[in-house]
Structure formats: structure tokens, C-alpha cells
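> Handing you a structure now.
Residue numbers (this note's numbering), protein chains in the order written: chain Z, 1 to 519; chain U, 1001 to 1103.
Printed below as a string of C-alpha cells:
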């Protein structure tokens, strides 16, 4: 195929005609859920058998003329046809952020030479100057009606790149992360029950297609046999209405979405009786939002998931039983678990190491390393796994005596004040718990005396008023002097990625430009 | 015919609808039967025959099947009348608590 993404196939890895490849997922879905509706919308209900036909037609249409399939658009009820057709044709699927400005959007497309770009109509218009072939996704789907179904390939390469995702770049420029077929299949086989969903179950996907959670949502629910209901783009009222209208049983949201839903409900019960499981992850949820959500959805099981693009999604899970036990417990160690991300999956190994690489005992915070078959740890620039296969997440955290993982934040965000490492997340958690605070970002600013000083940029709740000294005191009583912000500035809003991650480098840039350095 | 199976390999019952996928297998060659008959490597190779006595316990979709020594694990991707066996040993259902759905 001449694609730079294809790994070499050693002769002895081809046994019979199958390897651990997403093509296996499609075949399993076809035979296991042949007459079960798995995606589509009211206009076109797509069963497992239908999905098989569509994907083979999609792969036949693609043929061998493209090096990749880029997807640039909102969610779509038939998004799985795009991803799986690329997989069946043996080329990577590259969902990109259609919300980027024209220049960045076109720059990402230019990074995929020889790609077919499938876009929604609004985004397609913005790619008019691209040298790539651009098609509106709906038009492409219509064209498949005339395409023949392709014969299965002689050998699928499970070491080929299945999905390329651009990391959100909160602390640096976006990087192209590679997920190979074997990583995604290892995640599915290791943590999802094939056919585990009842035939009446449906999952609402509201995370965008270019986020690892969007990819994981799609693949794991197809594997479980759970119908995918796509929100084109997230909106709290639409989300709540769709849960009711479509009798949605499962949903995954990022914490920003959870906050918007809680805000929209404004203390009322959500009243969505169908919703059995609500999973949240992608960044740290505020305890206040979480507790409000638990009250608004009293009959729903909550699941907190931790994972990275580079780890093929979830590596640790705090399940519904953990949530309830933590809420009900008087034991501070158990209660504290509500702010953990749970225990790591059985197929994943974890180590917490100090700055010199020594493995730390339970309870001590350090650098989080992961290892396992789903851990990809690879960018377009190459693999970053060490010789023993360990991946440094660039996150700091600790594991308690019972195996619960607590995330402190990115090491790149760590503030070093007077030689002491301080995780902004710890201070942010305390400030966010203050009733007047709506949003906060804590950063380190250059300081002649301390190396860095701690500055908190705070957005107040509408109508709230609180002064700097009161907020600083609230941190001092819960943490200690060294972790108390040296100054607090107030802002109307703070910048986030559209999946809710704080853009710290933008906040820091703004503060450097506007806040005087103390003399 | 004894074969060294790789994870991901799909196996089909000759006399039943059972489909199994290799999750784990030893490096050494083993013989895997379904319904007591040598497993086929494609659905097209189904050629009838009858299920051998003691191999008709069936396979349930989504269940994992293991041998007593824990060297082999198969995932049932399509239910059928025939049970999987490795070197003549009929496989047992693996008890596993499902993880909460995180996405």
C-alpha cells in the first residue's frame, strides 16, 4: 500500500487469515449482532449485518488510492462506517478538530498527504484550497450504494496504524499520536465484555470524533453490542432531551459537559429514568459538580475513567459501587476515593516513580508510568516507550494501599516554588470547592526570590463576590502556607479546549502580559 | 492438526454455528476442536458432521472459555451447540466480573 503507517508483517504472525485487527471487530459485530440495530438514526437503522455491508462497500470505494482517511466534522450517526472502512482498507483514520481556525485546520490536513478528507458540509467549504480530495461525508455515504463489496484482504496487519489523533496540546503544540490495531483491540478484549449489552441498551455519544473518548465510545459500544446514538455536537438541553427521547441507558461526558448539565438542571432532578450509567473523564471533575450530579441522577451509576490518547483510552476506572461506598463512608480514606480515578484495569500495570526513576511505595506521589498491550505511547516522531515497554504519562499521582489511583495533574504544570514541587490541581480543588468560585487555573510565574510564585486566576460564580484575602485564607487552612497562592487575580472567563481542558499556556501568557512582576 | 495459534485467530465449528476467537494460546502447537471436530478456519469450511459425545455443552456469545491449566483462552463470538476443547480437554467458562462501562 506504500503507506508510511504499515508495520512490517513477519511471516509467522499470519496464522490462518486473521490477526488482532479492527477487521475482527467488524466480523464479530456482523455475526454476533447481525439483526441488532447498532447505529444510524430514524431515517436509517443500521444493524450489525448492515454495518458489514456498508464497511465493505466503503473499503471497496477507498480501494488502494488513499494513504489515510481524514474526518473533519461533527459527530454523525454513521461515523463508524468511516472509521471501519478505513480499517478494512488498511489505512489510518484521522479525525481532526473541525473547530480549529482555517489556517490550523488546513495545516492538519496538509500533514496527511494522499488522504481522502471526509467532512461535514460547513467544514468542507473551509477546505476548498486543500490539495487533498475533499468529500462531504453524506455524499460519500450515498456513493457507497453503487460500490461493490470488497473481498477480504489476504492478511490484515495488526501492527498497522488504525487511528491517528492529535493531542489537545494544552502545554505544547499538538502531537500526532498513533494507535495501532493491536492497541485498540487489546483495550477492547481486555476490558469490554463482547455482547455484554442487552438488546435494549443505547449509548449517547457527545464527545467529538477527534477525541480518544469518541473513538473509544464507538469501538467499545459496538463490541458490547450497544446502539450508538450520536449528538452532532454537545449542548446540555439537547443532551438531556436525547437521553429521554432515545431511552439512552449509557453516556460518557467530559467534566465540562457534566458541569453544563448540572447547571442546566439548576438543582432539579434530571428525571431520566432510562440512564443506568454515566461515565465521566478526560480531565478532573470538580467535587461540587460531581456531588450535584449524583443528586440530580439518583438512580444512575457513576463511572470515572482515566486514560490518555496514548494509552488507547481508559486505563483506570472508579465504578458505581466505589462512588456509593465513598459517599456513604465515614472513613476519610474511603471518602477520599471519590476524587480518585479508581483502580487500574487488570491488563494494565502501573508504577509510581520518583524523579530518579525509583519505584515509590503506596501512598507516595510521583510520576505515573504504565505498561500493557493497549499502551501505545507513540507519536509521528516515534515511540516513547522505554526499553521495558513502560510509558511515562507525564502525569503525577499516587496509588493508595487498596490500589486507588489519584491524579495530581501534568508534570509539565508542576510549580516549583522555593525548591518544592507543587501540583496546581491540589490548590485548584480547594478553590473550586469555595461556593463563590466557578472556575480556576493555578500557574507558576517567574519570581526572583522563589523561582516561581503561585498565581490563581479565578472566575467567580455569577453574582458572587469574594475578596482575594478570603480565598487565600480558604487555601491556607486546608493546605498550608507554601501552597497558598501568592496572588489571586479575577477573570471573566478562562480559556479551555472544547473538550474542557484548561489551556494553561494561554492563561500563563495572559498573566505574563498583564500582571506586573513584584519587585 | 495441531497448530501454534496466534491471538486474534478465528475458529469455526464444522457441525454447529459456534465461532471462537483465540485470546491466549501456548507457543506450542495444540489441537483445538469445536463440538469434538477439528475447528475450521472459515465459516465456508463448515461441512456438517455431528457433534461428538461430551462436546455438545454449547458455547455462549461473549463468554470466555479456558482450560484447567489456564494456558488457553477463547472468546465465543457466535453461539452454537458445540463446545471448544484443547487437546481433547473440553473448556470451561471463565468466571469474570465485568468491568463498569467507562465509555
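Where is the CB? At the ideal position from N, CA and C, for every residue including glycine.
(1) Taking residue 147 of chain Z as the reference, give the member of Z:63, Z:494, Z:253 with the closest Cα.
(2) Could you check whether residue 166 of chain Z and residue 210 of chain Z sit closer than 8 angstroms to each other, using their CB atoms as the reference points?
(3) Which runs of the beta strand (DSSP E) at least 3 residues long sit entirely within the region 225-290 of chain Z? Give them in chain order.
(4) Check whether the region 426-445 of chain Z and the region 349-361 of chain Z are in contact - that is, three or more C-beta pairs closer than 8 angstroms.
(5) Please confirm if residue 1099 of chain U has its CB atom under 8 angstroms from at least one CB of chain Z.
(6) Taking 6 angstroms as the limit between beta carbons, can you name the residues of its chain near residue 120 of chain Z, skipping five residues before and five after?
(7) With DSSP as the reference, please indicate the residues paired to residue 489 of chain Z in a beta bridge.
(8) With a threshold of 7 angstroms on Cβ separation, who are the neighbours of residue 66 of chain Z within its own chain once the five nearest residues in sequence on each side are excluded?
(9) Work out the CA separation of residue 140 of chain Z and residue 106 of chain Z for me, nearest whole Å.
(10) From the DSSP output, read off the bridge partner residues of residue 1034 of chain U.
(11) On the three-state DSSP scale, how would you describe residue 316 of chain Z?
(12) Among Z:36, Z:365, Z:432, which residue has its Cα nearest to the Cα of residue 202 of chain Z?
(13) With residue 106 of chain Z as the anchor, note down where its alpha helix (DSSP H) starts and where it stops.
(14) Please report the distance separating the alpha-carbon of residue 188 of chain Z from that of residue 108 of chain Z.
(15) Whose Cβ in chain U lies nearer than 9 angstroms to the Cβ of residue 313 of chain Z?
(16) Go to residue 59 of chain Z, then tell me how far its alpha helix (DSSP H) extends in each direction, as first and last residue.
(17) Please report the Cβ distance between residue 1091 of chain U and residue 1082 of chain U, rounded to the nearest whole angstrom; I am assuming they are in contact, meaning their Cβ atoms lie under 8 angstroms.
(18) Give, in chain order, every residue of the region 1074-1086 of chain U whose Cβ lies closer than 7 angstroms to some Cβ of chain Z.
(19) What three-state label does DSSP hand residue 1051 of chain U in the structure shown?
(20) Please work out which residues of its chain come closer than 7 angstroms, Cβ to Cβ, to residue 1015 of chain U, disregarding the five sequence neighbours upstream and downstream, and give them in chain order.
(21) Tell me, please, whether the CB atom of residue 328 of chain Z is closer than 8 angstroms to any CB atom in chain U?
(22) Is it buried or exposed, residue 519 of chain Z, if we count other Cβ atoms within 10 angstroms and call 16 or more buried?
(23) Could you pull the DSSP bridge partners for residue 1019 of chain U from this structure?
(24) I want to verify the contact list: residues of chain U whose CB lies under 9 angstroms from the CB of residue 217 of chain Z, in sequence order.
(25) Would you be able to state if there are at least three C-beta pairs under 8 angstroms between the region 484-503 of chain Z and the region 439-452 of chain Z?
(26) If you draw a straight line from the C-alpha of residue 411 of chain Z to the C-alpha of residue 46 of chain Z, how long is it?
(27) Find the residues of chain U that neighbour residue 277 of chain Z, judging by a C-beta separation of less than 8 angstroms, and give them in chain order.
(28) Would you say residue 1031 of chain U lies against chain Z (beta-carbon separation less than 8 angstroms)?
(29) Mind the definition here: the region 207-225 of chain Z touches the region 401-419 of chain Z only if three or more C-beta pairs lie below 8 angstroms; say whether that holds.
(30) Are residue 1006 of chain U and residue 1032 of chain U closer than 8 angstroms when you measure CB to CB?
(31) Would you kindly report the start and end of the unbroken beta strand (DSSP E) that includes residue 427 of chain Z?
(32) Which word fits residue 1055 of chain U, buried or exposed, when buried means at least 16 other C-beta atoms lie within 10 angstroms of its C-beta?
(33) Three Cβ pairs or more, each shorter than 8 angstroms: is that satisfied between the region 1061-1076 of chain U and the region 262-277 of chain Z?
(34) Taking any Cβ of chain Z, which residues in the region 1060-1073 of chain U have a Cβ under 7 angstroms from it, in chain order?
(35) In or out: residue 1019 of chain U buried (at least 16 other Cβ within 10 Å) or exposed?
(36) Under the rule that 16 or more other beta-carbon atoms within 10 Å means buried, what is residue 512 of chain Z, buried or exposed?
So, from the listed chains and residues:
(1) Z:63
(2) yes
(3) 227-230, 250-253, 277-281
(4) no
(5) yes
(6) 73, 74
(7) Z:457
(8) 91, 114, 115, 116
(9) 20 angstroms
(10) U:1037, U:1084
(11) strand
(12) Z:36
(13) 102-110
(14) 28 angstroms
(15) 1102, 1103
(16) 48-62
(17) Wrong, their Cβ atoms sit about 11 angstroms apart, outside the cutoff.
(18) 1075, 1077, 1078
(19) coil
(20) 1035, 1037, 1048, 1049, 1050, 1051, 1082
(21) no
(22) Because residue 519 of chain Z sits at a pLDDT of 47, beneath the cut-off of 50, its placement in the model cannot be relied upon, and the following sentence gives the value as read from the coordinates. Burial call: exposed.
(23) U:1012, U:1078
(24) 1103
(25) yes
(26) 44 angstroms
(27) 1100, 1101
(28) no
(29) no
(30) no
(31) Where residue 427 of chain Z is concerned, there is no enclosing beta strand (DSSP E), although the alpha helix (DSSP H) it sits in stretches over 424-432.
(32) buried
(33) no
(34) 1061, 1062
(35) buried
(36) exposed
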